[in-house]
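*Asks:* Got a structure for you, questions after.
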Amino acid sequence: KSKPLRSLAVHLLLDTSESTRAKVPNSFKSVLELERDAAAILAKALHKIRDPFAISGFCSNGRNDVRMQSIKTFDEEFSVVNSMNLAGLKPEYSTRMGAALRHCGYSFSNIHANRKLILLVTDGAPSDIDVDDLDYLFFDARRAVSELQKLQIDVFCVALGEQAGNRAEKIFGPSRSISVSKLVSLPSKLANVYLKLTS
1 KSKPLRSLAV
11 HLLLDTSEST
21 RAKVPNSFKS
31 VLELERDAAA
41 ILAKALHKIR
51 DPFAISGFCS
61 NGRNDVRMQS
71 IKTFDEEFSV
81 VNSMNLAGLK
91 PEYSTRMGAA
101 LRHCGYSFSN
111 IHANRKLILL
121 VTDGAPSDID
131 VDDLDYLFFD
141 ARRAVSELQK
151 LQIDVFCVAL
161 GEQAGNRAEK
171 IFGPSRSISV
181 SKLVSLPSKL
191 ANVYLKLTS
């Protein structure tokens, strides 16, 4: 019997908010630099196994200015240009998570795959400059996750640090989030997390 064909598409979403500028303990690198390293390793693995994938960075400066930085779209072959886009990500602004997740959801509209997955890497809780009630953005992120599930798009969160991990469990659910407490290990971990999720 032949092996069933792997039918899976993933959109990797990287938090590039101001807090990712912080230097990581026991490392010369910032949180965002480790996210970029991890994304580069995962991209090479995805390119090899031929899973269709997209990569975006996001930050926000208020409700009307959610910035999505496209690093690679689904219809591009992974190339030097995408690597340069990834290397060019800079930390700035806030973390309006729900809006960014919904935006990723739209990217699947022409993708034919049995399983669609958004893989979010973040170091914090949803926040933005124009919102004082942080619960509002927390519930908005939760609502975005359930809207995406109705569209049969899974969302999984890789939370950087234990505090981020506790919050991620509440937004995504314990089986849909993992906390990486040793941030230095993120580059070697992210591809493994993906392969475990999808095997």
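So the sequence shown is residues 1 to 199, counted in the working numbering.
All C-beta atoms in this analysis are idealised placements derived from N, C-alpha and C, irrespective of residue type, glycine included.
Cβ of residue 162 within 8 Å of Cβ of residue 93?
*Replies:* Looking up residue 162 in the sequence shown gives position 162. Looking up residue 93 in the sequence shown gives position 93. Going by C-beta atoms, residue 162 is not nearer than 8 Å to residue 93.
*Asks:* Taking residue 15 as part of the alpha helix (DSSP H), name the residues at either end of that continuous run.
*Replies:* For the purposes of this step, residue 15 is identified with residue 15 of the sequence shown, where counting begins at 1. From DSSP, residue 15 is part of no alpha helix (DSSP H) but of the beta strand (DSSP E) over 8-15.
*Asks:* Within the continuous beta strand (DSSP E) that includes residue 22, where are the two ends?
*Replies:* Residue mapping note: residue 22 aligns to position 22 of the sequence shown, counting from 1. Careful: residue 22 lies outside any beta strand (DSSP E) and carries neither H nor E.
*Asks:* Mind checking residue 153: buried by the 16 CB within 10 Å criterion, or exposed?
*Replies:* The residue labelled residue 153 in the question sits at position 153 within the sequence shown. Classification of residue 153: buried, given that the 10 Å Cβ count is 16 or more.
*Asks:* Between 179, 183, 118, 47, which lies nearest to residue 80 when the distance is taken from Cα to Cα?
*Replies:* On the sequence shown, position 80 is the one that residue 80 refers to. Among 179, 183, 118, 47, the Cα nearest to that of residue 80 belongs to 47.
*Asks:* Could you name the residues of the same chain whose beta carbon sits closer than 6 Å to that of residue 21, not counting the 5 residues immediately before and after it, in chain order?
*Replies:* As a working mapping, residue 21 is identified with position 21 in the sequence shown. Cβ neighbours of residue 21 beyond the five flanking positions: 30, 91.
*Asks:* Which complete beta strand (DSSP E) runs does the stretch 72-144 hold, if anything under 3 residues is left out?
*Replies:* List check, beta strand (DSSP E) in window: 115-122.
*Asks:* Is the shortest distance between the beta-carbon of residue 158 and the beta-carbons of chain D less than 8 Å?
*Replies:* The structure shown contains no chain D; it is built from a single protein chain.
*Asks:* Using three-state DSSP, classify residue 57 as helix, strand or coil.
*Replies:* In the sequence shown, residue 57 corresponds to position 57, counting from 1. It is a strand residue.
*Asks:* Just to confirm, are residue 184 and residue 27 a CB contact at a threshold of 8 Å?
*Replies:* Numbered from its first residue, the sequence shown carries residue 184 at position 184. Numbered from its first residue, the sequence shown carries residue 27 at position 27. Their beta carbons are under 8 Å apart, which means residue 184 touches residue 27 by this criterion.
*Asks:* Between residue 101 and residue 155, is the Cβ-Cβ spacing less than 8 Å?
*Replies:* Locating residue 101 in the sequence shown gives position 101, where the first residue counts as 1. Locating residue 155 in the sequence shown gives position 155, where the first residue counts as 1. Yes. Within cutoff.
*Asks:* Among 33, 39, 178, which one has its Cα closest to the Cα of residue 55?
*Replies:* As a first step, residue 55 is located in the sequence shown; it is residue number 55 there, counting from the start. It is 39 whose Cα lies nearest to the Cα of residue 55.
*Asks:* Tell me the start and end of each unbroken alpha helix (DSSP H) in the stretch 150-196 that is at least 4 residues and wholly inside, in chain order.
*Replies:* The qualifying runs are 162-172.
*Asks:* In the DSSP assignment, find the alpha helix (DSSP H) that holds residue 36 and state where it starts and stops.
*Replies:* Sequence index remark: in the sequence shown, residue 36 carries index 36 (1-based). Note, residue 36: alpha helix (DSSP H), 31-49.
*Asks:* Is it the case that the Cβ atoms of residue 89 and residue 186 are separated by a distance below 8 Å?
*Replies:* Your numbering for residue 89 matches position 89 in the sequence shown. Your numbering for residue 186 matches position 186 in the sequence shown. No, Cβ-Cβ distance for residue 89 and residue 186 is not below 8 Å.
*Asks:* My output table needs one value for residue 199: the three-state DSSP class, helix, strand or coil.
*Replies:* Within the sequence shown, residue 199 is the residue found at index 199, counting from 1. It is coil, neither helix nor strand.
*Asks:* Exposed or buried, what is residue 62 when buried is set at 16 or more other beta-carbons lying within 10 Å of its beta-carbon?
*Replies:* Residue mapping note: residue 62 aligns to position 62 of the sequence shown, counting from 1. Residue 62 is exposed by the Cβ-count criterion.
*Asks:* Can you have a look at residue 6 and say buried or exposed, based on whether 16 or more other CB atoms are within 10 angstroms of its CB?
*Replies:* By 1-based counting over the sequence shown, the position of residue 6 is 6. Per the 10 Å Cβ criterion, exposed.
*Asks:* Who are the Cβ neighbours of residue 43 in its own chain at under 6 Å, not counting the five residues just before and after it?
*Replies:* Position 43 of the sequence shown, counted from the start, is the residue given in the question as residue 43. Correct list, in chain order: 78.
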